[in-house]
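So the protein lines, in turn, are chains A and B.
The first sequence begins at 1 in our numbering and counts up by one.
The second sequence begins at 1001 in our numbering and counts up by one.
Written below as C-alpha cells is the structure these notes are about.
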Amino acid sequence: MTEQNRITLVEAVNQALHFAMSKDEDVVVLGEDVAVNGGVFRATVGLRERFGIKRVMDTPLAEALIAGVSIGMATQGLKPVAEIQFLGFIYAAMEQLVSHAARMRNRTRGRLTCPLVVRVPFGGGIHAPEHHSESTEALFAHIPGLRVVIPSSPRRAYGLLLAAIENPDPVIFMEPKRIYRATKQVVPDDGQSLPLDTCFTLRQGTDITLVSWGASILETMQAAKQLAERDISAEVIDVACIKPLDIETILYSVKKTGRCVVIHEAARSFGVGAEIVSQLHEQAFFDLLGPVKRVTGYDITMPYYQMEKHYIPTTERIISAVEQSMEQA
Amino acid sequence: MKRNPACAIEYVQYLNDKGELTQPLPQWAEQPKQLLHYYREMVMARHADQKAISLQRTGKLGTYPSILGQEAINVVIGSVLNKEDVFVPYYRDHTAMVMRGMKQADVYRYWGGDERGSTNPEVGKDLPYCVPIATQVSHAAGVAAAIKIRGEQRAVLCTCGDGATSKGDFLEAINLAGVWQLPVVFLINNNQWAISVPRKIQCGAPTLAQKGIGAGIPALQVDGNDVIALHEVISEALLKARLHKGATVIEAISYRLSDHTTADDATRYRTNEELREAWQREPIKRLQHYLHQRGEWDESKEQRLQAQAADQVQQAVDEYLQTPQQSLDDLFFYHYEQLPADLAEQLSDADMANQLQGKAVQGGKHD
C-alpha cells in the first residue's frame, strides 16, 4: 500500500464524517471552530466546503448550548454530530447529556428519540494546558441511556464513528487525542460500520488477558509484544464499546487465561476498570488463578504535562503488573 | 446624548384588570367566537387544575405544579400554534399541552408518577414536560435550527418561567437564536415567583424581556392575563418565525396565584395582601366581565359551562384512575432502541425479585 492510502485516527474520523454526511442528509455537524477552521484537531476539515454552512455549523462558545441544541435537533429526526473541543469543557453540558439526551427515549417511551453523537477528544499526552487531558469516561458510562465508545485505531475510529452516527441513541464518542496521529492504517472508505456491542480482541494469547481502551492500547500492545519475547502469551482486548459493556468477550478470554490486568488512563477508583474487575469476580471467580489487577492513572488531579508521564500507565507498569500476576499463580 | 430606540420595551394590553378595553379591538376579536373559545378553555383549565390538587391532597397524585392564574397564557398558546409547529413546554403548561393533543388524563398520569403521561402520539414532535429549569430553551433552539436547516415554514414556541431567565441555558439559547435567526418564540411566563424568590431579587434589569435585546432579538412585554393581547403578540411572533424573519422574546406578566407546587406553602414568603391584590387581575374574571359587557355571556351559559367542565374533568379522572400499572419491562425497554444484554439480565433479576415479593405486577408484557 502507498502512503496516501494510509491514514491517521483523526483522518479516519474525518473520513467517516464525510461518508456519513454524503450518505444521509439528516447528519449535521456543529460545535466550536468545526466549520471554517475544520476543528482544532482538523477532524472536521473540508466538511463545510463540501456540505455547506447549513449542515456544518460553528456555534457560539457555549458547551451546554451545543448539547442542548443537538438534543433539540435530534428529537426532530436530525442526526447531529456535535464536537466538544476537549473533555475538560464538557461538564457545562453534563446536565443536558445526563438529564435529557440519556432520558428522552425513556421519558417518552420511544415517542421521541435522541440520535446524537458527541465527539470529544480526551486524555493526556499532547502538552496541552490544564483541563485538556482528563479521562472521565466513567462519568458517562454511569448514566443509563448513554452509550460510550472509544476507538483506538484508525480503522476502528472509522467503523465505530459510522456506527455511532447510525445508532438511534445518544453516543459519547471519545477520541484519544494522544494517538490521533500516532499510527496510520489503510482505512477503505466503504461505509462499513463496526458493531457497538462488542469488544475487539487485538491479539490472541493463552497466559493472561490484558484489557484496555483508548490511547493505553498503545502501551498495552507494546507490553504484550515484550512479554511474548519472554514466552508470556498475552491476549489483548480493546473494550472500545465501554457502555453497554460486552463482558462476554472479556469473560471468555479470562476463563481461558485465568489471569487478567485491566489498563486505563483514567483515575483508578470507581471507574470502568473497577466495573470490569467486579464483573469478572462475579462471573469468573473460580476460573481465576489470581486476583485481577489494575494499571491506571492515580486518584489525583491529572498533572500538567511536565509530570503526566508519571500518571499515564507505561509499558513498564503493565509488564510489572503482569509479572506479579504470573508469580501469584 | 443619543438614545437607541431598539432598547425600549413595549407593553401590550387590550383588556385591563376590570375587563375594559384599553385600545380598539384587533379584527379577529370583533367576532365573539375565539374569545368564547378562550373563556371556555380557561374555565376547563381551572377545573382540571383544581381537581389535580384534590387528587394530590387525597393521595392519588404526586407533587403537582398548579397553573392557577396562568390560564390565559396556556389557552392562547394552545390555540395560536399550528399543528405542525412545535411546542417546547416547561412544567406549568398543562392546558396548552392538552390543547396540543395530550389528554387531561395524560397530565394526571405524568404528575401521578407514570412515564406514560408523555407518550401520547397526538402531540407529534412537541417536546415533553421539562423539569430542570431553562434546559428546554436550548432544545427549542435546536428544534428551530432543524426547521431552518430543512427550509420548512414552521415555528417553535418555548415557554419558561421568570427564574429560568437567570440561567445560562436561557441566555445561551436566545443568543444562538439571535445569531442564527431561528424561527422560535421564547415566551417568558413571568408569574413573579420562582418558588420563594420574587421577581425583584431574580434580576436587576427593569424587564426580563430586555434580555432579548442583548441577544439581538426583538422583545416586548404583554399582559399575561389578557387573552386578546397574548393572542395578538404571540400570533404575530409565530408568523414572523414561520416566515423566517427571526426570533422574538415575549415577557408575559402574570401571577402565580397558587403555591409553587402542592409541596410548597407560599404563606411562608408572601403576604395575603399581595395575593388578594393579584386576584383582582386574574384572567378568567377579566374576560368574563368583558364578555358580559358585550352581551356574549350570561349566568345560564356560565352554569352550563361549569357543569360541562366538571363532567369532562371527572371523565379524565376516571380514565386516569383506571390506568393499568406498567410492567417491569416498560422500565427497562426504553433506554436504548434494543435492550442490551446486561439490562436484559437486570430485568430478569427485577422479575425474580418481584416474584419473590409475591406482588404480581399487572400490565402487558412486550412479547
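We treat Cβ as the ideally placed atom computed from N, Cα and C, and that holds for glycine.
Measure the beta-carbon distance from residue i to residue j and round it to whole angstroms, keeping in mind my assumption that it falls under 8 Å.
i	j	result
residue 13 of chain A	residue 55 of chain A	About 17 Å separates the two Cβ atoms, so there is no contact after all.
residue 1099 of chain B	residue 1078 of chain B	3 Å
residue 177 of chain A	residue 123 of chain A	6 Å
residue 170 of chain A	residue 101 of chain A	4 Å
residue 1257 of chain B	residue 1275 of chain B	7 Å
residue 1220 of chain B	residue 1250 of chain B	6 Å
residue 296 of chain A	residue 268 of chain A	4 Å
residue 1224 of chain B	residue 1072 of chain B	6 Å
Indicate the three-state DSSP secondary structure (helix, strand or coil) for residue i in the structure shown.
i	result
residue 1010 of chain B	strand
residue 185 of chain A	strand
residue 227 of chain A	helix
residue 1111 of chain B	helix
residue 1097 of chain B	helix
residue 1193 of chain B	strand
residue 45 of chain A	coil
residue 1102 of chain B	coil
residue 206 of chain A	coil
residue 1168 of chain B	helix
residue 264 of chain A	strand
residue 1133 of chain B	coil
residue 1355 of chain B	helix
residue 1123 of chain B	helix
residue 22 of chain A	helix
residue 238 of chain A	strand
residue 1181 of chain B	coil
residue 1214 of chain B	helix
Within a Cβ cutoff of 7 Å, which residues of the same chain sit near residue i, ignoring the five residues on either side of it in sequence?
i	result
residue 165 of chain A	20, 27, 79, 81 and 117
residue 1365 of chain B	The predicted model places residue 1365 of chain B with a pLDDT of 44, which falls under 50 and marks its position as unreliable; any figure quoted below should be read in that light. Around residue 1365 of chain B: 1327 and 1329.
residue 1361 of chain B	Its pLDDT being 49, under 50, residue 1361 of chain B is placed unreliably in this model, and the value from its coordinates should be taken loosely. Around residue 1361 of chain B: 1325, 1327, 1328 and 1354.
residue 180 of chain A	8, 9, 10 and 41
residue 98 of chain A	143
residue 1320 of chain B	1105, 1108, 1109 and 1112
residue 1053 of chain B	1064, 1066 and 1262
residue 126 of chain A	177 and 178
residue 132 of chain A	86 and 88
residue 1133 of chain B	1163, 1164 and 1167
residue 304 of chain A	130
residue 1282 of chain B	1069, 1225 and 1257
residue 325 of chain A	208, 259, 261, 290 and 293
Sorted by chain position, which residues of the same chain lie with C-beta nearer than 8 Å to residue i's C-beta, five sequence neighbours on each side aside?
i	result
residue 1357 of chain B	none
Whose C-beta lies closer than 6 Å to the C-beta of residue i among residues of the same chain, with five residues either side of it excluded?
i	result
residue 1091 of chain B	1065, 1129 and 1131
residue 202 of chain A	236 and 238
residue 315 of chain A	219, 222 and 223
residue 18 of chain A	none
residue 1147 of chain B	1154 and 1183
residue 1373 of chain B	Summary: the structure shown does not reach residue 1373 of chain B, with chain B confined to residues 1001 through 1367, and so no result is reported for it.
residue 107 of chain A	none
residue 1144 of chain B	1156, 1182, 1183 and 1184
residue 232 of chain A	207
Pick out whichever of the options has its Cα sitting closest to the Cα of residue i.
i	options	result
residue 1019 of chain B	B:1008, B:1009, B:1010 and B:1035	B:1035
residue 1351 of chain B	B:1340, B:1336, B:1338 and B:1331	B:1331
residue 72 of chain A	B:1042, B:1053, B:1157 and B:1107	B:1157
residue 1238 of chain B	B:1046, B:1024, B:1194 and B:1085	B:1085
residue 259 of chain A	A:172, A:17, A:243 and A:234	A:234
residue 212 of chain A	A:277, A:103 and A:162	A:277
residue 153 of chain A	A:182, A:47 and A:16	A:182
residue 1192 of chain B	B:1041, B:1007, B:1260 and B:1088	B:1260
residue 1162 of chain B	B:1089, B:1152 and B:1208	B:1208
residue 242 of chain A	A:188, A:187, A:107 and A:138	A:138
residue 330 of chain A	B:1029, B:1272 and B:1342	Given a span of 1 to 329 for chain A in the structure shown, any question on residue 330 of chain A remains unanswerable.
residue 1340 of chain B	A:248, A:129 and A:140	A:248
residue 1197 of chain B	B:1103, B:1177 and B:1164	B:1164
residue 1217 of chain B	B:1050, B:1248, B:1190 and B:1286	B:1248
residue 150 of chain A	A:175, A:299 and A:275	A:175
residue 1039 of chain B	B:1306, B:1253 and B:1240	B:1306
Against residue i, what residues of chain D qualify as contacts under a CB-to-CB distance less than 8 Å, listed in chain order?
i	result
residue 1118 of chain B	Protein chains in the displayed structure are A and B, and chain D is not among them.
Please indicate yes or no: does the CB of residue i lie closer than 7 Å to some heavy atom of the ligand GTP?
i	result
residue 1025 of chain B	The ligand content of the structure shown is nil, which means the ligand GTP is not present either.
Legend entry - Cβ-based contacts, 8 Å cut-off: residues of the segment 1324 to 1351 of chain B near chain A: 1330, 1334, 1335, 1336, 1337, 1340, 1341, 1342 and 1343
Inset, instruction - Identify each residue in the segment 1135 to 1147 of chain B for which the Cβ-Cβ distance to at least one residue of chain A is less than 9 Å, and report them in chain order. - result: 1135, 1136, 1137, 1138, 1139, 1140, 1141, 1142, 1143, 1144, 1145, 1146 and 1147
Legend entry - Contact set between the segment 92 to 103 of chain A and chain B, restricted to residues whose Cβ is under 7 Å from the partner: 95, 96, 99 and 100
Inset, instruction - Return the residues of the segment 139 to 164 of chain A that lie within a Cβ-Cβ distance of less than 8 Å from chain B, sorted by chain order. - result: 144, 145 and 147
Inset, instruction - Identify each residue in the segment 65 to 89 of chain A for which the Cβ-Cβ distance to at least one residue of chain B is less than 9 Å, and report them in chain order. - result: 65, 66, 67, 68, 69, 70, 71, 72, 73, 74, 75, 76, 77, 78 and 80
Inset, instruction - Check each residue of the segment 1094 to 1125 of chain B: if its Cβ is closer than 7 Å to any Cβ of chain A, include it; give the result in chain order. - result: 1115, 1116, 1118, 1119, 1121 and 1125
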